[in-house]
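Asker: What follows is a single structure, and I will ask about it in a moment.
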Amino acid sequence: MSNYHIKHLEEYWQVYRKSVRNPAVFWEEIAEEHFLWRKKWDEVLSWDFSKPEIKWFAGAKLNITENCLDRHLATRADKTAILFEPNDPKEEAQHITYQELHARVCRFANVLADQGVGKGDRVCIYLPMVPKLAVSLLACARLGAVHSVVFAGFSATALATRINDCNCKLVICSDGSYRGKKTIDLKTIVDEALEQCPGVETSLVVKRTGGAVVMKDGRDKWLQPLLDKAATTRAATIVDAEDPLFILYTSGSTGKPKGMVHTTGGYMVYTAYTFKNAFQYREEDVYWCTADIGWITGHSYIVYGPLTNGATTVMFEGVPSYPDYGRFWEIVEKHKITQFYTAPTAIRALAKENLDFVENHDLSSLKVLGTVGEPINEEAWHWYNDHVGKKKSPIIDTWWQTETGGIMISPIPYSTPTIPTFATLPMPGIQPVLMDENGKEIEGNSVEGRLAIKFPWPSIARTIYGNHERYRDTYFSAYPGNYFTGDGALRDAVGYYRITGRVDDVIIVSGHNLGTAPIEDAINEHPAVAESAIVGFPHDIKGNALYGYVTLKETGETRNHDNLRKEINQLITDRIGPIAKLDKIQFTEGLPKTRSGKIMRRILRKIAGKDTSNLGDISTLLNPEVVQDIMDKSLA
Ligand code: WT7
Numbered sequence: 024m025s026n027y028h029i030k031h032l033e034e035y036w037q038v039y040r041k042s043v044r045n046p047a048v049f050w051e052e053i054a055e056e057h058f059l060w061r062k063k064w065d066e067v068l069s070w071d072f073s074k075p076e077i078k079w080f081a082g083a084k085l086n087i088t089e090n091c092l093d094r095h096l097a098t099r100a101d102k103t104a105i106l107f108e109p110n111d112p113k114e115e116a117q118h119i120t121y122q123e124l125h126a127r128v129c130r131f132a133n134v135l136a137d138q139g140v141g142k143g144d145r146v147c148i149y150l151p152m153v154p155k156l157a158v159s160l161l162a163c164a165r166l167g168a169v170h171s172v173v174f175a176g177f178s179a180t181a182l183a184t185r186i187n188d189c190n191c192k193l194v195i196c197s198d199g200s201y202r203g204k205k206t207i208d209l210k211t212i213v214d215e216a217l218e219q220c221p222g223v224e225t226s227l228v229v230k231r232t233g234g235a236v237v238m239k240d241g242r243d244k245w246l247q248p249l250l251d252k253a254a255t256t257r258a259a260t261i262v263d264a265e266d267p268l269f270i271l272y273t274s275g276s277t278g279k280p281k282g283m284v285h286t287t288g289g290y291m292v293y294t295a296y297t298f299k300n301a302f303q304y305r306e307e308d309v310y311w312c313t314a315d316i317g318w319i320t321g322h323s324y325i326v327y328g329p330l331t332n333g334a335t336t337v338m339f340e341g342v343p344s345y346p347d348y349g350r351f352w353e354i355v356e357k358h359k360i361t362q363f364y365t366a367p368t369a370i371r372a373l374a375k376e377n378l379d380f381v382e383n384h385d386l387s388s389l390k391v392l393g394t395v396g397e398p399i400n401e402e403a404w405h406w407y408n409d410h411v412g413k414k415k416s417p418i419i420d421t422w423w424q425t426e427t428g429g430i431m432i433s434p435i436p437y438s439t440p441t442i443p444t445f446a447t448l449p450m451p452g453i454q455p456v457l458m459d460e461n462g463k464e465i466e467g468n469s470v471e472g473r474l475a476i477k478f479p480w481p482s483i484a485r486t487i488y489g490n491h492e493r494y495r496d497t498y499f500s501a502y503p504g505n506y507f508t509g510d511g512a513l514r515d516a517v518g519y520y521r522i523t524g525r526v527d528d529v530i531i532v533s534g535h536n537l538g539t540a541p542i543e544d545a546i547n548e549h550p551a552v553a554e555s556a557i558v559g560f561p562h563d564i565k566g567n568a569l570y571g572y573v574t575l576k577e578t579g580e581t582r583n584h585d586n587l588r589k590e591i592n593q594l595i596t597d598r599i600g601p602i603a604k605l606d607k608i609q610f611t612e613g614l615p616k617t618r619s620g621k622i623m624r625r626i627l628r629k630i631a632g633k634d635t636s637n638l639g640d641i642s643t644l645l646n647p648e649v650v651q652d653i654m655d656k657s658l659a
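Going by the working numbering, the first residue of the sequence shown is number 24, and it counts up by one from there.
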């Protein structure tokens, strides 16, 4: 039996039972056999969810890039590590071998070191999906520096908040980016952000579009000339297993974004292990995850998981609709993709288009199809299964979170029988529990509750940067002794899990995690706005879309409502990014509130979702009369 590569269901159960019986022994065996450590650990695991404090492989020394790169040079030097597919299909794809990637990472690390970056320093990365994005993560890790990647669709304000929160002194950015037909001037956004970031001393600029940019003297430097002068080797800085590898921001239901801190050893072991098993990865495979490296999916399953396994990982710069809706399938055919990992929102968007876009391509190389980011509806699941997988490739519906670092609940393809909309069974080492409203564990099968995890796994985030108390309050206070996920789930008769969605004020739009509070804050900045409340409502393609209820300061506001709507969405775009724009904005006389003044989002959610049959008891509200008025003028 191999703990590292599960090949059938019976084996899954054997491995699973072992992983739960003695997690430290289980993970130690995996860590021993499959990685390069400069020094082994003193203790596999110590933990206390009440503090909370979690340590895996404490005392061990390593560098993750030696595991992603150096270790493979003896056997895989000429194998493609990164296969880059540009936005424009006429531009040639790039095959970057392990040897070449090693040299590029060392070069980049030398440049960063020359700019004063060292162990523990935070570096912000704001780049499109070009190879230098992956290289910059690895270059930071080579030096023991902590990367903080900000998705290059975020606005200047959102970028500045993230740069300042963890005091980055260096930013890696580009002149611009290509997205389908559009060219975006990213440097302008960075310039605007840096006006609010006094701590940033240097920005290194990658040339991608060749568009005009303003280079600020003393601060902005073109990267390429520095790389050209740098040496192609660099000894890895050896770090402790529990030293931070990166910070990645995720939205909370309240307050500013949370900088989730992931550490090195446990994260490496868990992402490598889950990559191998959830995708049934084999040496000759060509693996493609369509996510952006700006999200955790890209960190764990474009960069670290695949590279620690010596895999070929595809990076795609473009969008599924350019030059037409066949682009994904054209790429699958062109590079003979074996594992394809995407988001339900992308599947729903493509399923709306002509079937010829799929059928015109040879997809016979595919062996495993994955989804992530939100629940997949049954219709999209079947379309994916029938037309992409031709009913031959198992679909793995992988549930996990920025905070979990790696895939938590997922079928093992070719082992776990799949059912549409079910993430099915926990990965080895993962102990999910369902909780009732009173914080009691719900045992047995055919039950539904709130999803928590009762035992640590190696890649759990260790804290929120600069705010450990918030980390404890958010994840460990609802159900003491357990990590609370924020999701609801059911467990069916055979013990399969189905994730039913968020139970807090986080809304998942097109697979992006959005908190209501920062969006409401942005809207409330508008001079005409008194108050606002955001809820999600079901949307064909996005899964959820945003519905905003807005009250204006002066009743009988005479300004044109359509103009106000545009201004509100522009504010949201400026403060957060276009992904947070509202689909519907209803101006209301008031918002339903409890007597203590809390906005009753539950009622607004029902109205926005056209589900007003049972609004519950509204008579106890402070202002029950507004409910009827809101229903009468509903845009739903
Ligand atoms: C939230 C986490 C993990 C990478 C992308 C999202 C939702 C994620 C699934 C799934 C149903 C899912 C959950 C979770 N989610 N995967 N397979 N089925 N819901 O990471 O931005 O941290 O969001 O995404 O609600 O809590 P994230």
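C-beta: ideal position from N, C-alpha, C; glycine also. Note that the coordinates shown come from a computational prediction; the quantities given were computed from them, not determined experimentally.
Rank Ser-323, Val-573, Ala-258 by C-alpha distance to the C-alpha of Ala-295 and give the top, closest one.
Answerer: For the purposes of this step, residue 295 is identified with residue 272 of the sequence shown, where counting begins at 1. Of the listed residues, the one whose Cα sits closest to Ala-295 is Ser-323.
Asker: Determine, using beta carbons only, whether Trp-422 and Ile-483 come nearer to each other than 7 angstroms.
Answerer: Taking the first residue of the sequence shown as 1, we reach residue 422 at position 399. Taking the first residue of the sequence shown as 1, we reach residue 483 at position 460. Their beta carbons are not under 7 angstroms apart, which means Trp-422 does not touch Ile-483 by this criterion.
Asker: Quick one: measure Cβ to Cβ for Ile-602 and Ala-545, integer angstroms, because I've assumed they're closer than 8 angstroms.
Answerer: As a first step, residue 602 is located in the sequence shown; it is residue number 579 there, counting from the start. As a first step, residue 545 is located in the sequence shown; it is residue number 522 there, counting from the start. Not confirmed; about 13 angstroms, so no contact.
Asker: Could you name the residues of the same chain whose beta carbon sits closer than 7 angstroms to that of Trp-404, not counting the 5 residues immediately before and after it, in chain order?
Answerer: For the purposes of this step, residue 404 is taken as the residue at position 381 of the sequence shown. Within the same chain, Trp-404 has close Cβ partners Ile-418, Pro-443, Thr-444.
Asker: Cα separation between Val-649 and Arg-618?
Answerer: Taking the sequence shown and counting its residues from 1, one reaches residue 649 at position 626. Taking the sequence shown and counting its residues from 1, one reaches residue 618 at position 595. When rounded, the distance between both Cα atoms is 14 angstroms.
Asker: Val-342 to Arg-94, Cα distance in whole Å?
Answerer: As a first step, residue 342 is located in the sequence shown; it is residue number 319 there, counting from the start. As a first step, residue 94 is located in the sequence shown; it is residue number 71 there, counting from the start. Approximately 33 angstroms, taken between the alpha carbons.
Asker: Under three-state DSSP, which class holds Glu-464?
Answerer: The count along the sequence shown starts at 1 and reaches residue 464 at position 441. Three-state DSSP puts Glu-464 in a strand.
Asker: Can you give me the C-alpha to C-alpha distance between Pro-112 and Pro-346, rounded to a whole angstrom?
Answerer: Within the sequence shown, the letter at position 89 stands for residue 112. Within the sequence shown, the letter at position 323 stands for residue 346. Approximately 8 angstroms between the Cα atoms of the pair.
Asker: DSSP state of Gly-275, grouped into three classes?
Answerer: Residue 275 sits at position 252 when you count from the first residue of the sequence shown. In the structure shown, Gly-275 sits in coil (DSSP, three-state: anything other than H, G, I, E or B).
Asker: Any heavy atom of the ligand WT7 within a distance shorter than 6 angstroms of the CB on Glu-21?
Answerer: An answer regarding residue 21 cannot be provided, because it is not within the stretch 24 to 659 covered by the chain.
Asker: Which runs of the alpha helix (DSSP H) fall wholly inside the segment 484-538 and span at least 4 residues, in chain order?
Answerer: 491-499, all fully within the segment 484-538.
Asker: So does the segment 183-191 actually touch the segment 213-226, counting three or more Cβ pairs closer than 8 angstroms?
Answerer: Short answer: they touch.
Asker: Out of Cys-147, Asn-637, Ala-157, Thr-103, which has the shortest C-alpha to C-alpha gap to Val-128?
Answerer: Indexing the sequence shown from 1 puts residue 128 at position 105. Answer by Cα proximity: Ala-157.
Asker: Along the chain, where does the alpha helix (DSSP H) containing Gln-651 start, and where does it finish?
Answerer: Translated into positions along the sequence shown, residue 651 becomes position 628. Segment 648-655, the alpha helix (DSSP H) holding Gln-651.
Asker: Could you tell me whether any non-hydrogen atom of the ligand WT7 is closer than 6 angstroms to the CB of Ala-512?
Answerer: Sequence index remark: in the sequence shown, residue 512 carries index 489 (1-based). Ala-512 Cβ: outside cutoff for every heavy atom of the ligand WT7.
Asker: By Cβ distance below 6 angstroms, which residues in the same chain neighbour Lys-607 in space, the five residues on each side in sequence not counted?
Answerer: As a first step, residue 607 is located in the sequence shown; it is residue number 584 there, counting from the start. Counting only Cβ-Cβ distances below 6 angstroms, and skipping sequence neighbours, we find Tyr-570, Leu-658.
Asker: Rounded to whole angstroms, what is the Cα-Cα separation between Ala-136 and Leu-182?
Answerer: Sequence index remark: in the sequence shown, residue 136 carries index 113 (1-based). Sequence index remark: in the sequence shown, residue 182 carries index 159 (1-based). Looking at the two C-alpha atoms, the distance is approximately 23 angstroms.
Asker: Going by DSSP in three states, Arg-130 sits in which element: helix, strand or coil?
Answerer: To locate residue 130, count along the sequence shown from 1; it is residue 107. Arg-130: helix per DSSP, three-state reduction.
Asker: Whole beta strand (DSSP E) runs in the segment 145-213 with 3 or more residues, listed along the chain?
Answerer: Within the segment 145-213, the complete beta strand (DSSP E) runs of at least 3 residues are 145-148, 169-172, 193-197, 200-202, 205-207.
Asker: For Glu-51, does the count of other Cβ atoms within 10 angstroms reach 16, so buried, or fall short, so exposed?
Answerer: Position 28 of the sequence shown, counted from the start, is the residue given in the question as residue 51. When all chains shown are included, Glu-51 counts as buried.
Asker: Mapping DSSP to helix, strand and coil, what is Trp-311?
Answerer: By 1-based counting over the sequence shown, the position of residue 311 is 288. Three-state DSSP puts Trp-311 in a strand.
Asker: So for Gln-138, helix, strand or coil by DSSP?
Answerer: As a working note, residue 138 is residue 115 in the sequence shown. Coil.
Asker: Which residues in the same chain have their Cβ closer than 8 angstroms to the Cβ of Thr-635, if we skip the five residues on either side of it in sequence?
Answerer: Locating residue 635 in the sequence shown gives position 612, where the first residue counts as 1. Only Lys-629, Met-654 meet the Cβ criterion.
Asker: What beta strand (DSSP E) runs, 3 residues minimum, are completely inside the segment 310-340?
Answerer: Listed in chain order, the complete beta strand (DSSP E) runs (minimum 3 residues) inside the segment 310-340 are 335-339.
Asker: Kindly examine the ligand WT7 and report whether one of its heavy atoms sits closer than 6 angstroms to the Cβ of Ile-105.
Answerer: Locating residue 105 in the sequence shown gives position 82, where the first residue counts as 1. It does not: the Cβ of Ile-105 is nowhere closer than 6 angstroms to a heavy atom of the ligand WT7.
Asker: Counting Cβ pairs closer than 8 angstroms, one from the segment 29-36 and one from the segment 432-441, do we hit at least three?
Answerer: As far as the Cβ criterion goes, the segment 29-36 touches the segment 432-441, which means the pair count is three or higher.
Asker: Exposed or buried, Thr-486, counting other C-beta atoms within 10 Å across all chains shown (16 or more means buried)?
Answerer: Locating residue 486 in the sequence shown gives position 463, where the first residue counts as 1. Classification of Thr-486: buried, given that the 10 Å Cβ count is 16 or more.
Asker: For Leu-250, report the span of its alpha helix (DSSP H) as first-last.
Answerer: Within the sequence shown, the letter at position 227 stands for residue 250. Counting along the chain, the alpha helix (DSSP H) containing Leu-250 begins and ends at 246-252.
Asker: Is the CB of Trp-60 under 7 angstroms away from at least one CB in chain D?
Answerer: The question asks about chain D, but that chain is absent: this structure has only one protein chain.
Asker: In whole angstroms, give me the CA-to-CA distance for Tyr-121 and Ala-81.
Answerer: Here residue 121 is taken as the residue at index 98 of the sequence shown, counted from 1. Here residue 81 is taken as the residue at index 58 of the sequence shown, counted from 1. One C-alpha to the other measures close to 29 angstroms.
Asker: Could you compute how far the alpha carbon of Gly-275 sits from the alpha carbon of Ala-254?
Answerer: Indexing the sequence shown from 1 puts residue 275 at position 252. Indexing the sequence shown from 1 puts residue 254 at position 231. Those two C-alpha atoms are separated by around 42 angstroms.
Asker: Assuming contact is defined by CB atoms lying nearer than 7 angstroms, are Phe-49 and His-170 in contact in what I supplied?
Answerer: Along the sequence shown, one-based indexing puts residue 49 at 26. Along the sequence shown, one-based indexing puts residue 170 at 147. No, the Cβ-Cβ distance between Phe-49 and His-170 is not below 7 angstroms.
Asker: What do you reckon, is the C-beta of Lys-525 under 6 angstroms from a heavy atom of the ligand WT7?
Answerer: Here residue 525 refers to the residue found at position 502 when the sequence shown is read from its first residue. First, the residue type needs correcting, since residue 525 is Arg and not Lys in the sequence shown. True, at least one ligand heavy atom lies under 6 angstroms from that Cβ.
Asker: With C-beta atoms as the reference, is Asn-592 less than 7 angstroms away from Lys-604?
Answerer: Within the sequence shown, residue 592 is the residue found at index 569, counting from 1. Within the sequence shown, residue 604 is the residue found at index 581, counting from 1. Yes; because the gap between Cβ atoms is below 7 angstroms, this pair is in contact.
Asker: Say the cut is 6 angstroms; is the CB of Gly-396 nearer than that to a heavy atom of the ligand WT7?
Answerer: Working through the sequence shown from its first residue, we reach residue 396 at position 373. Yes; taking the cut-off as 6 angstroms, the Cβ of Gly-396 has a heavy atom of the ligand WT7 nearer than that.
Asker: Return the CA-CA distance between Asn-187 and Ser-42, expressed in angstroms with no decimal places.
Answerer: Counted from its first residue, the sequence shown places residue 187 at position 164. Counted from its first residue, the sequence shown places residue 42 at position 19. Taking the straight line joining both Cα atoms gives about 40 angstroms.
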